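S.K.: Please find one structure pasted underneath; my questions will follow.
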Amino acid sequence: MKRLLANARTRVVRAYRRARNSHAKSRVSQVVVLADRSGLPEHLDPRCVYVLGATTPKWALLDCPCGRGHTIELNLANPARTRWTVTANTAGQPSVHPSIDYRGNPRCHYWLRDGRIHWVPNRTRS
Ligand SMILES: [Zn+2]
């Protein structure tokens with residue numbers, strides 16, 4: 028009986044993840060390094076994380092994978108604010124640390140790990 032419940036819960040979680048991923052672009056496959064904002068395309072490619080600052084990375088920009096078309100800007104350098112780190116694995120797929128948390132309505136909260144978006148369920152709003 029316990030096992031049955033555990034299986035049911037796994038199925039629900041999987042269905043939830045499929046639903047989130049079906050309307051969202053869940054793959055971010057590369058990091059693009061640019062000297063400054065003048066190099067940004069008019070529409071950010073949803074498969075890319077753009078890092079601004081060729082010698083010292085200052086900002087990371089990405090098209091939010093929720094699909095609503097807003098841009099996420101992450102501070103990489105300013106010590107007075109939350110600082111993120113963008114890394115790439117050997118395949119060039121980016122990871123971002125800590126999680127990306129856009130406090131909009133709805134909130135967009137997820138991890139980017141090895142090019143994949145891992146959504147954090149939106150149950151609690153703080
Ligand atoms: Zn979003």
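Count along the sequence shown starting at 1, add 27, and that's the number in my numbering. Built from N, CA and C at the ideal position, the CB exists for glycine as well. Note that the structure is a prediction, hence the values are computed from the model and not measured.
What residue from 145, 80, 124, 125 has the CA that sits closest to residue 25's CA?
M.R.: Look at the range of the chain in this structure, 28 to 153, and you will see that residue 25 is not part of it.
S.K.: To the nearest angstrom, how far is the alpha carbon of residue 142 from that of residue 113?
M.R.: About 11 angstroms.
S.K.: Under three-state DSSP, which class holds residue 134?
M.R.: Looking at residue 134 - three-state DSSP - the assignment turns out to be coil, as it is neither helix nor strand.
S.K.: Short of 7 angstroms in beta carbon distance, which residues of its chain neighbour residue 108, apart from the five on each side in sequence? Order them along the chain.
M.R.: Counting only Cβ-Cβ distances below 7 angstroms, and skipping sequence neighbours, we find 102.
S.K.: Can you list the residues near ligand 1, meaning Cβ strictly closer than 5 angstroms to any non-hydrogen atom, in the order they appear in the chain?
M.R.: Cβ atoms closer than 5 angstroms to ligand 1 belong to 91, 93, 135.
S.K.: Only counting the same chain, and skipping five residues up and downstream in sequence, which positions put a Cβ closer than 7 angstroms to that of residue 149?
M.R.: Correct list, in chain order: 133, 134, 136.
S.K.: Helix, strand or coil for residue 56, going by three-state DSSP, please let me know.
M.R.: Correct three-state label for residue 56: coil.
S.K.: So, is residue 87 buried or exposed, given that buried needs 16 or more other C-beta atoms within 10 angstroms?
M.R.: Classification for residue 87: buried.
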